[in-house]
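Working notes, beginning with the structure itself.
Residue numbers (the working numbering): 6 to 320.
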(Lines of atoms letter the chains of each structure in order from A and count residues from 1; the text may use other names and numbers.)
(Lines give C-alpha, C1' and ligand atoms only; values in the text may rest on other atoms or scores of the structure.)
Protein backbone atom coordinates (compact mmCIF):
# COMPACT_ATOMS: atom_id res chain seq x y z
CA UNK A 1 0.00 0.00 0.00
CA UNK A 2 2.04 2.93 -1.20
CA UNK A 3 2.82 5.71 -3.62
CA UNK A 4 5.75 4.93 -5.90
CA UNK A 5 8.07 7.75 -6.97
CA UNK A 6 8.18 7.87 -10.78
CA UNK A 7 9.99 11.22 -10.95
CA UNK A 8 11.44 12.80 -7.79
CA UNK A 9 11.25 16.39 -9.03
CA UNK A 10 13.82 19.09 -8.36
CA UNK A 11 14.07 18.49 -4.62
CA UNK A 12 11.41 16.56 -2.73
CA UNK A 13 11.82 15.78 0.97
CA UNK A 14 9.78 13.86 3.50
CA UNK A 15 8.98 16.21 6.40
CA UNK A 16 6.89 15.94 9.54
CA UNK A 17 6.48 18.60 12.23
CA UNK A 18 10.21 18.64 12.98
CA UNK A 19 12.88 17.16 15.25
CA UNK A 20 12.86 18.91 18.63
CA UNK A 21 14.81 18.57 21.87
CA UNK A 22 18.08 17.51 20.22
CA UNK A 23 20.02 20.78 20.00
CA UNK A 24 22.36 19.65 22.78
CA UNK A 25 23.50 16.92 20.36
CA UNK A 26 23.95 19.43 17.55
CA UNK A 27 20.84 18.25 15.68
CA UNK A 28 18.65 20.92 14.14
CA UNK A 29 14.86 20.92 13.74
CA UNK A 30 14.20 20.26 10.08
CA UNK A 31 10.47 20.23 9.34
CA UNK A 32 8.41 22.22 6.82
CA UNK A 33 9.58 25.67 5.78
CA UNK A 34 6.01 26.88 5.13
CA UNK A 35 4.37 25.53 8.25
CA UNK A 36 0.90 26.89 7.50
CA UNK A 37 0.74 25.29 4.04
CA UNK A 38 2.05 22.02 5.53
CA UNK A 39 -0.62 22.00 8.23
CA UNK A 40 -3.41 22.79 5.75
CA UNK A 41 -2.34 19.85 3.57
CA UNK A 42 -2.62 17.51 6.53
CA UNK A 43 -5.92 18.96 7.66
CA UNK A 44 -7.39 18.45 4.18
CA UNK A 45 -6.51 14.75 4.58
CA UNK A 46 -7.96 14.63 8.13
CA UNK A 47 -4.48 14.01 9.57
CA UNK A 48 -2.86 15.20 12.79
CA UNK A 49 -1.10 18.47 11.93
CA UNK A 50 2.44 17.07 12.30
CA UNK A 51 1.96 14.04 10.00
CA UNK A 52 4.70 13.21 7.49
CA UNK A 53 4.16 14.82 4.08
CA UNK A 54 6.32 15.66 1.07
CA UNK A 55 7.85 19.13 0.76
CA UNK A 56 8.23 19.74 -2.99
CA UNK A 57 10.67 22.45 -4.07
CA UNK A 58 9.84 24.02 -7.46
CA UNK A 59 8.03 20.90 -8.72
CA UNK A 60 8.45 18.02 -11.15
CA UNK A 61 7.28 15.22 -8.81
CA UNK A 62 5.35 12.25 -10.26
CA UNK A 63 3.87 9.40 -8.21
CA UNK A 64 1.95 6.21 -9.00
CA UNK A 65 -0.53 4.86 -6.48
CA UNK A 66 -1.07 1.26 -5.39
CA UNK A 67 -3.55 2.26 -2.68
CA UNK A 68 -6.99 3.81 -2.30
CA UNK A 69 -6.47 6.98 -0.28
CA UNK A 70 -6.97 10.74 -0.27
CA UNK A 71 -4.34 13.27 -1.26
CA UNK A 72 -3.99 17.04 -1.06
CA UNK A 73 -1.45 19.56 -2.38
CA UNK A 74 -1.08 23.05 -0.90
CA UNK A 75 1.46 25.86 -1.05
CA UNK A 76 3.12 27.08 -4.24
CA UNK A 77 1.01 27.40 -7.38
CA UNK A 78 2.16 24.16 -9.01
CA UNK A 79 0.02 22.51 -11.71
CA UNK A 80 -1.43 19.24 -10.35
CA UNK A 81 -2.90 16.47 -12.49
CA UNK A 82 -4.36 13.05 -11.70
CA UNK A 83 -4.34 10.65 -14.65
CA UNK A 84 -3.53 13.63 -16.93
CA UNK A 85 -6.64 15.50 -15.74
CA UNK A 86 -6.10 18.86 -14.05
CA UNK A 87 -6.82 18.80 -10.31
CA UNK A 88 -7.23 21.69 -7.86
CA UNK A 89 -4.75 22.69 -5.19
CA UNK A 90 -5.97 23.27 -1.63
CA UNK A 91 -8.45 20.39 -2.16
CA UNK A 92 -8.38 16.75 -1.13
CA UNK A 93 -8.80 14.19 -3.92
CA UNK A 94 -9.71 10.52 -3.96
CA UNK A 95 -6.86 8.36 -5.29
CA UNK A 96 -7.18 4.75 -6.51
CA UNK A 97 -4.64 2.02 -7.33
CA UNK A 98 -3.01 2.72 -10.68
CA UNK A 99 -3.58 6.48 -10.54
CA UNK A 100 -0.77 8.74 -11.76
CA UNK A 101 -0.22 11.95 -9.80
CA UNK A 102 1.94 14.58 -11.50
CA UNK A 103 3.09 18.03 -10.49
CA UNK A 104 4.43 20.55 -12.96
CA UNK A 105 6.68 23.47 -12.06
CA UNK A 106 5.80 26.41 -9.83
CA UNK A 107 4.18 29.45 -11.43
CA UNK A 108 4.44 31.36 -8.16
CA UNK A 109 5.86 30.37 -4.80
CA UNK A 110 8.66 27.85 -4.38
CA UNK A 111 7.40 25.06 -2.12
CA UNK A 112 4.33 22.85 -2.13
CA UNK A 113 3.19 20.17 0.31
CA UNK A 114 1.67 16.83 -0.66
CA UNK A 115 -0.13 14.95 2.10
CA UNK A 116 -1.98 11.62 2.10
CA UNK A 117 -4.55 10.32 4.57
CA UNK A 118 -2.79 8.95 7.64
CA UNK A 119 0.54 10.48 6.62
CA UNK A 120 3.47 8.73 4.96
CA UNK A 121 4.84 5.88 7.04
CA UNK A 122 8.61 6.00 7.67
CA UNK A 123 10.90 5.07 10.55
CA UNK A 124 11.58 8.05 12.86
CA UNK A 125 15.14 9.09 13.70
CA UNK A 126 15.35 10.91 17.04
CA UNK A 127 11.53 11.01 17.15
CA UNK A 128 11.06 12.52 13.68
CA UNK A 129 11.10 11.51 10.02
CA UNK A 130 12.02 15.04 8.92
CA UNK A 131 14.76 15.00 6.29
CA UNK A 132 17.89 17.06 7.00
CA UNK A 133 20.41 16.31 4.21
CA UNK A 134 23.22 18.30 5.88
CA UNK A 135 23.05 16.00 8.92
CA UNK A 136 22.30 12.81 6.99
CA UNK A 137 19.20 12.20 9.10
CA UNK A 138 15.56 11.39 8.48
CA UNK A 139 13.58 10.81 5.34
CA UNK A 140 12.33 7.61 3.78
CA UNK A 141 15.67 5.81 4.19
CA UNK A 142 16.63 7.55 7.49
CA UNK A 143 19.84 8.84 5.86
CA UNK A 144 18.84 12.41 4.98
CA UNK A 145 18.46 11.72 1.27
CA UNK A 146 15.88 13.35 -0.96
CA UNK A 147 13.29 11.19 -2.71
CA UNK A 148 14.55 9.22 -5.71
CA UNK A 149 12.93 7.48 -8.66
CA UNK A 150 11.71 4.05 -7.58
CA UNK A 151 11.23 4.96 -3.91
CA UNK A 152 8.19 3.40 -2.29
CA UNK A 153 6.26 5.64 0.13
CA UNK A 154 4.11 3.48 2.41
CA UNK A 155 0.71 4.86 3.38
CA UNK A 156 -2.57 3.59 4.82
CA UNK A 157 -5.62 2.65 2.72
CA UNK A 158 -8.81 4.68 3.11
CA UNK A 159 -12.00 2.91 2.05
CA UNK A 160 -14.53 5.72 2.42
CA UNK A 161 -12.70 9.01 1.88
CA UNK A 162 -14.20 12.37 2.70
CA UNK A 163 -13.14 15.25 0.49
CA UNK A 164 -12.54 18.85 1.56
CA UNK A 165 -11.37 22.17 0.22
CA UNK A 166 -9.88 25.24 1.90
CA UNK A 167 -11.91 28.43 1.28
CA UNK A 168 -10.09 30.75 -1.12
CA UNK A 169 -9.90 33.62 1.36
CA UNK A 170 -7.71 31.46 3.63
CA UNK A 171 -5.20 30.49 0.94
CA UNK A 172 -1.84 32.22 0.75
CA UNK A 173 -1.03 34.29 -2.34
CA UNK A 174 2.57 34.00 -3.55
CA UNK A 175 2.28 35.92 -6.82
CA UNK A 176 4.20 39.04 -5.78
CA UNK A 177 7.56 37.31 -5.03
CA UNK A 178 8.04 39.84 -2.23
CA UNK A 179 7.43 39.86 1.49
CA UNK A 180 7.40 42.11 4.54
CA UNK A 181 9.12 40.27 7.39
CA UNK A 182 8.51 41.26 10.99
CA UNK A 183 11.53 41.24 13.30
CA UNK A 184 11.95 40.98 17.06
CA UNK A 185 15.22 42.69 17.95
CA UNK A 186 17.71 40.68 20.03
CA UNK A 187 20.24 41.65 22.66
CA UNK A 188 23.02 42.15 20.08
CA UNK A 189 21.05 45.00 18.48
CA UNK A 190 22.95 47.32 20.84
CA UNK A 191 26.04 46.72 18.69
CA UNK A 192 24.29 48.17 15.63
CA UNK A 193 24.12 51.96 15.57
CA UNK A 194 20.77 53.71 15.12
CA UNK A 195 21.92 54.76 11.66
CA UNK A 196 22.63 51.15 10.70
CA UNK A 197 19.32 49.95 12.12
CA UNK A 198 17.44 52.64 10.22
CA UNK A 199 19.30 51.67 7.04
CA UNK A 200 18.35 48.02 7.53
CA UNK A 201 14.67 48.64 8.27
CA UNK A 202 14.25 51.17 5.47
CA UNK A 203 15.93 49.17 2.72
CA UNK A 204 14.85 46.45 0.34
CA UNK A 205 16.90 43.26 0.00
CA UNK A 206 17.02 40.76 -2.85
CA UNK A 207 16.92 36.98 -2.39
CA UNK A 208 20.05 35.46 -3.95
CA UNK A 209 20.46 32.09 -5.63
CA UNK A 210 22.51 30.99 -2.61
CA UNK A 211 19.38 30.37 -0.54
CA UNK A 212 18.19 27.00 0.73
CA UNK A 213 16.64 25.23 3.71
CA UNK A 214 19.61 26.16 5.88
CA UNK A 215 19.30 29.89 5.28
CA UNK A 216 18.30 32.64 2.86
CA UNK A 217 21.17 34.85 1.74
CA UNK A 218 20.10 38.39 0.88
CA UNK A 219 21.75 41.18 -1.08
CA UNK A 220 21.33 44.89 -0.43
CA UNK A 221 22.81 47.77 1.59
CA UNK A 222 25.78 46.64 3.70
CA UNK A 223 25.13 46.71 7.45
CA UNK A 224 28.01 47.27 9.88
CA UNK A 225 28.27 46.76 13.63
CA UNK A 226 30.77 47.24 16.46
CA UNK A 227 31.32 43.56 17.33
CA UNK A 228 34.90 42.47 16.70
CA UNK A 229 34.39 38.84 17.67
CA UNK A 230 31.94 36.79 19.72
CA UNK A 231 31.76 33.28 21.11
CA UNK A 232 29.53 30.85 19.28
CA UNK A 233 26.07 30.59 20.77
CA UNK A 234 22.76 28.87 20.10
CA UNK A 235 20.87 30.04 17.00
CA UNK A 236 17.09 30.27 16.88
CA UNK A 237 14.83 29.84 13.86
CA UNK A 238 14.72 33.03 11.80
CA UNK A 239 17.86 34.62 13.26
CA UNK A 240 19.24 37.42 11.05
CA UNK A 241 23.02 37.26 11.10
CA UNK A 242 25.62 39.45 9.43
CA UNK A 243 28.91 37.92 8.26
CA UNK A 244 31.91 40.03 7.33
CA UNK A 245 30.41 41.30 4.06
CA UNK A 246 27.49 42.93 5.89
CA UNK A 247 24.87 41.06 3.83
CA UNK A 248 22.12 39.45 5.95
CA UNK A 249 21.53 35.71 6.17
CA UNK A 250 18.21 34.53 7.63
CA UNK A 251 18.67 31.11 9.23
CA UNK A 252 15.93 28.54 8.64
CA UNK A 253 14.94 25.00 9.63
CA UNK A 254 18.15 23.22 8.62
CA UNK A 255 20.46 25.82 10.22
CA UNK A 256 23.44 24.87 12.34
CA UNK A 257 22.64 24.90 16.07
CA UNK A 258 25.61 27.14 17.02
CA UNK A 259 27.18 30.16 15.36
CA UNK A 260 29.32 33.21 15.99
CA UNK A 261 28.09 35.92 13.61
CA UNK A 262 26.40 39.04 15.05
CA UNK A 263 22.60 38.95 14.92
CA UNK A 264 20.29 41.97 14.91
CA UNK A 265 17.19 39.94 15.78
CA UNK A 266 14.91 37.19 14.53
CA UNK A 267 12.07 36.89 12.02
CA UNK A 268 8.64 36.21 13.46
CA UNK A 269 8.07 32.47 13.00
CA UNK A 270 4.77 32.90 11.12
CA UNK A 271 6.65 34.93 8.49
CA UNK A 272 9.17 32.15 7.77
CA UNK A 273 6.75 30.59 5.29
CA UNK A 274 6.44 33.86 3.34
CA UNK A 275 10.22 34.04 3.04
CA UNK A 276 10.63 30.38 2.07
CA UNK A 277 8.14 30.78 -0.78
CA UNK A 278 10.28 33.48 -2.44
CA UNK A 279 12.48 32.52 -5.38
CA UNK A 280 15.82 34.03 -6.34
CA UNK A 281 15.34 37.69 -7.26
CA UNK A 282 12.42 38.11 -4.86
CA UNK A 283 12.53 41.07 -2.49
CA UNK A 284 12.07 41.48 1.25
CA UNK A 285 11.66 44.38 3.60
CA UNK A 286 11.80 44.34 7.38
CA UNK A 287 9.66 45.80 10.15
CA UNK A 288 10.67 45.87 13.82
CA UNK A 289 7.98 44.75 16.28
CA UNK A 290 7.87 44.30 20.04
CA UNK A 291 7.83 40.96 21.83
CA UNK A 292 4.24 41.62 22.94
CA UNK A 293 3.21 42.28 19.35
CA UNK A 294 4.96 39.11 18.21
CA UNK A 295 3.12 37.03 20.79
CA UNK A 296 -0.20 38.58 19.75
CA UNK A 297 0.48 37.81 16.08
CA UNK A 298 1.37 34.20 16.90
CA UNK A 299 -1.83 33.79 18.90
CA UNK A 300 -3.86 35.40 16.10
CA UNK A 301 -2.38 33.06 13.49
CA UNK A 302 -3.13 30.00 15.63
CA UNK A 303 -6.64 31.15 16.40
CA UNK A 304 -7.37 31.63 12.69
CA UNK A 305 -6.05 28.16 11.86
CA UNK A 306 -7.94 26.40 14.65
CA UNK A 307 -11.22 28.25 14.06
CA UNK A 308 -11.23 27.97 10.26
CA UNK A 309 -13.63 25.53 8.66
CA UNK A 310 -13.01 23.44 5.56
CA UNK A 311 -15.71 23.07 2.92
CA UNK A 312 -17.06 19.52 2.58
CA UNK A 313 -17.07 18.46 -1.09
CA UNK A 314 -19.10 15.30 -0.42
CA UNK A 315 -22.34 17.04 0.59
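Yeah, the Cβ is synthetic: ideal placement off N, Cα and C, and Gly gets one too.
The Cβ atoms of residue 33 and residue 261 lie closer than 8 Å to each other. In this structure, residue 87 and residue 109 do not form a Cβ contact; the two beta carbons are roughly 13 Å apart against a cut-off of 8 Å.
Counting along the chain, residue 206 sits inside the alpha helix (DSSP H) bounded by residues 199-206. Partner residues in the beta bridge of residue 169, as assigned by DSSP, are 317.
Per the Cβ contact rule, the stretch 53-68 is not in contact with the stretch 249-266 (fewer than 3 Cβ pairs under 8 Å). Under DSSP, the beta-bridge partners assigned to residue 188 are 272 and 293.
C-alpha of residue 101 to C-alpha of residue 285: approximately 37 Å in a straight line. Taking residue 253 as reference, the option from 241, 237, 213 and 50 with the minimal CA-CA separation is 213. Fewer than three pairs of CB atoms, one per stretch, sit closer than 8 Å, so the stretch 117-127 makes no contact with the stretch 180-200. For the pair residue 171 and residue 49, the CB atoms are nearer than the 8 Å cut-off. Burial is judged here by how many other beta carbons sit within 10 angstroms of a residue's own beta carbon; residue 44 has at least 16 and is buried.
Going by DSSP, residue 279 is part of the alpha helix (DSSP H) stretching over 277-281.
Inclusion of residue 291 and residue 205 in the CB contact set at 8 Å is warranted, their separation being smaller than that value. Short of 7 Å from the beta carbon of residue 149, and not among the five residues preceding or following it, lie these beta carbons of its own chain, in chain order: 136, 137, 138, 140, 141, 142 and 143.
A direct Cα-Cα distance of roughly 14 Å separates residue 303 from residue 279.
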